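K.L.:
Per the UniProt record's numbering, residue 1 is the first one in the sequence shown, and the count goes up by one each step.
This structure is in structure tokens; I'll ask about it shortly.
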Amino acid sequence: MDVTLNNGSKWVGAAMSVHQVDSDGDGVYDSFAAGTDATATLIDIAANSLWPSSTYGIDNNDTAYGEDGHVVGNEVYQSGLFNVTLNGGSQWDTTKTSLIDTLSINSGSVVNVADSDLVSDSISLTGGAALNINEDGHVATDELTINNSTVTIADDVSAGWGVYDAALYANTINVTNNGVLDVGNSTAYALQADTLNLTSYTDANGNVNAGVFNVHSNSFVLDADLTNDRTNDITKSNYGYGVIAMNSDGHLTINGNGDAWTGDQSEVDNAGDNVAAATGNYKVRIDNATGEGSVADYKGKELIYVNDKNSKATFSAANKADLGAYTYQAQQEGNTVVMQQMELTDYANMALSIPSANTNIWNLEQDTVGTRLTNSRHGLADNGGAWVSYFGGSFDGDNGTINYDQDGERHHGRC
């Protein structure tokens, strides 16, 4: 079954398919259950393991591994028979619980999830679309793709440590082509994923359009592998990068998804995976150019920590930010990224240059008076009078580190 919203349509509600079940085992279908019965007769059956504990296996006493409660095969169909598509600025405000197969959000359309749950095998956003996860909203998917669109996790979402309680849970998240995954200042465990593929698309003119992971002022811990297949070598065909954005008071810790520290086997497929926590090439963007703060607040401040000294990921500056008297940019130091102090800001340079301006003004005035005297001597006629110069006015400059105050305004005249 396909549900499509076009041309600014709006839908408020839930979408869920159900299947008949035999509740008492007498061979008669007498009830209904959410989703689709996991059977090989389904035409659209697909490999999927949305939840680590989605299919209950049968425990084998002869093995150390607890099969009960974990995925034991890949032929698992998780969701319903709904394919939901939004086009042309349409909107879906979810309610209660929605259990669907695929969700496609296109061309400026918006899906708002608040006080409700949305489970979909796959979710894709293209063309300036948006997925907003708000208070008490929960979204789960096997694969989330953000292409030139935005997924936002609100600051007031509720989340617990379990995957069922995450505001956004996904096995794989792909962000590219100016797409944005915005976690804001959301609570811990709001985002839970296995892999965050933060990559880029290069257009015909050679412009790199990167996906963005924005943590704002959050001290965010990413328990997922940060990946892309891009290089920092501009001569290579796969040159590109993902962008990590934050304010100067933000911080990102990348732990990877090894899960060696967990006490249970909730994600046994990742335990001891020996995969680097971060791979690929990235640029780090510092967003808040406030012009405030001291050198002690910024110089050498850690922005990113990769909890894996074997990581081969490369990080470089996406921009320069004016913070206090100096500009700063991101600089990689081993498995960390810190704020590197650069040159004085334009404003600081201006404040330093003002004292020397007095000498320049004096020289200009002397030149003006000299020129006037020369004209008086050698002119064809001089009817007398006085040449007057006076000074007044003011100037103030202050950037928190350097300040300058000058009173002065010079005028000339003949009387």
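Beta carbons: idealized from backbone N, C-alpha and C, even for Gly.
Values in this document were obtained by computation on a predicted structure and should not be read as measured data.
Based on DSSP bridge pairs, tell me the residues matched to ALA278.
P.N.:
Here residue 278 is taken as the residue at index 278 of the sequence shown, counted from 1. DSSP lists LEU226 as partners of ALA278.
K.L.:
Tell me which residues share the same chain as VAL231 and place their Cβ nearer than 7 Å to its Cβ, disregarding the 5 neighbours each side in the sequence.
P.N.:
Counting from 1 along the sequence shown, the entry for residue 231 is found at position 231. Rather than Val, the amino acid found at residue 231 in this sequence is Thr. Only ASN238, TYR239, ASN281 meet the Cβ criterion.
K.L.:
Would you say the region 4 to 13 touches the region 85 to 92, given that touching needs at least three Cβ pairs under 8 Å?
P.N.:
Judged by Cβ distances under 8 Å, the region 4 to 13 makes contact with the region 85 to 92, as three or more pairs qualify.
K.L.:
Out of THR314, PHE220, TYR29, point me to the one whose CA is closest to GLY250's CA.
P.N.:
For this step, residue 250 is matched to residue 250 along the sequence shown. Minimum Cα distance to GLY250 is reached at PHE220.
K.L.:
Using only alpha-carbon positions, find the residue among SER311, ASN209, SER124, ARG285 that is nearest to THR327.
P.N.:
Taking the first residue of the sequence shown as position 1, residue 327 is located at position 327. The shortest Cα separation from THR327 among SER311, ASN209, SER124, ARG285 belongs to ARG285.
K.L.:
Could you check whether the region 139 to 150 touches the region 167 to 174, counting it as contact only if at least three pairs of C-beta atoms, one from each stretch, sit closer than 8 Å?
P.N.:
The answer is yes - the region 167 to 174 touches the region 139 to 150, with three or more Cβ pairs under 8 Å.
K.L.:
Report buried or exposed for ASN270, applying the criterion of at least 16 other Cβ atoms within 10 angstroms of its Cβ.
P.N.:
Here residue 270 corresponds to residue number 270 of the sequence shown, with the count starting at 1. Interpretation of ASN270 is limited by its pLDDT of 39, a score under 50 that renders its predicted location unreliable; no figure is taken from the coordinates.
K.L.:
Helix, strand or coil: which one does DSSP assign to ASP101?
P.N.:
Here residue 101 corresponds to residue number 101 of the sequence shown, with the count starting at 1. In the structure shown, ASP101 sits in a strand (DSSP, three-state: E or B).
K.L.:
Quick check: what's the CA-CA separation for GLN341 versus SER104?
P.N.:
The residue you call residue 341 lines up with position 341 of the sequence shown. The residue you call residue 104 lines up with position 104 of the sequence shown. Taking the straight line from one Cα to the other gives about 44 Å.
K.L.:
Pick out whichever of MET339, ASN319, ALA276 has its Cα sitting closest to the Cα of LYS312.
P.N.:
Walking along the sequence shown from the start, residue 312 turns up at place 312. It is ALA276 whose Cα lies nearest to the Cα of LYS312.
K.L.:
Using the rule of at least 16 other Cβ atoms within 10 Å of the residue's Cβ for burial, across every protein chain shown, is GLU212 buried or exposed?
P.N.:
Position 212 of the sequence shown, counted from the first residue, corresponds to residue 212. Here residue 212 is Val; the residue named in the question, Glu, does not match the sequence. It counts as buried.
K.L.:
Report the rounded CA-to-CA distance for ILE304 versus ASP22, giving the unit in angstroms.
P.N.:
Position 304 of the sequence shown, counting from 1, holds the residue named residue 304. Position 22 of the sequence shown, counting from 1, holds the residue named residue 22. Cα-Cα distance, rounded: 53 Å.
K.L.:
Among GLY127, ASP101, ASN214, VAL119, which one has its Cα closest to the Cα of ILE153?
P.N.:
In the sequence shown, counting from the first residue as 1, residue 153 sits at position 153. For the residues GLY127, ASP101, ASN214, VAL119, the minimum Cα distance to ILE153 belongs to ASN214.
K.L.:
Could you round the C-beta distance between SER116 and LYS96 to whole angstroms and report it? I think they count as a contact, below 8 Å.
P.N.:
Residue numbering aside, residue 116 sits at position 116 when the sequence shown is read from its first letter. Residue numbering aside, residue 96 sits at position 96 when the sequence shown is read from its first letter. That belief holds up - the Cβ atoms of SER116 and LYS96 are roughly 6 Å apart, short of 8 Å.
K.L.:
Excluding the 5 residues preceding and the 5 following LYS301 in the sequence, name in chain order all residues of the same chain whose CB lies nearer than 8 Å to its CB.
P.N.:
In the sequence shown, residue 301 corresponds to position 301, counting from 1. If we look at LYS301 and ignore the five residues flanking it on each side, its Cβ neighbours are SER248, VAL338, MET339.
K.L.:
Which of the three DSSP states is assigned to ASP308 in this structure?
P.N.:
Locating residue 308 in the sequence shown gives position 308, where the first residue counts as 1. Reduced to three states, the DSSP call for ASP308 is coil.
K.L.:
Measure the alpha-carbon distance for ALA167 versus VAL243 and round it to whole angstroms.
P.N.:
Locating residue 167 in the sequence shown gives position 167, counting from the first residue. Locating residue 243 in the sequence shown gives position 243, counting from the first residue. So the two alpha carbons sit approximately 22 Å from each other.
K.L.:
Taking just the CA atoms, how far does THR235 sit from LEU118?
P.N.:
Within the sequence shown, numbered from 1, the residue matching residue 118 stands at position 118. Within the sequence shown, numbered from 1, the residue matching residue 235 stands at position 235. In a straight line, the C-alpha of LEU118 is about 43 Å away from that of THR235.
K.L.:
Rounded to the nearest angstrom, how far is the Cβ of ALA130 from that of VAL110, given a contact under 8 Å?
P.N.:
Residue numbering aside, residue 130 sits at position 130 when the sequence shown is read from its first letter. Residue numbering aside, residue 110 sits at position 110 when the sequence shown is read from its first letter. Yes, they are in contact, since the Cβ atoms of ALA130 and VAL110 sit about 5 Å apart, within 8 Å.
K.L.:
Please check the pair ASN106 and GLY137, which I expect to be a contact at CB under 8 Å, by giving their CB distance rounded to whole angstroms.
P.N.:
Locating residue 106 in the sequence shown gives position 106, counting from the first residue. Locating residue 137 in the sequence shown gives position 137, counting from the first residue. So it is not a contact: roughly 21 Å between Cβ atoms.
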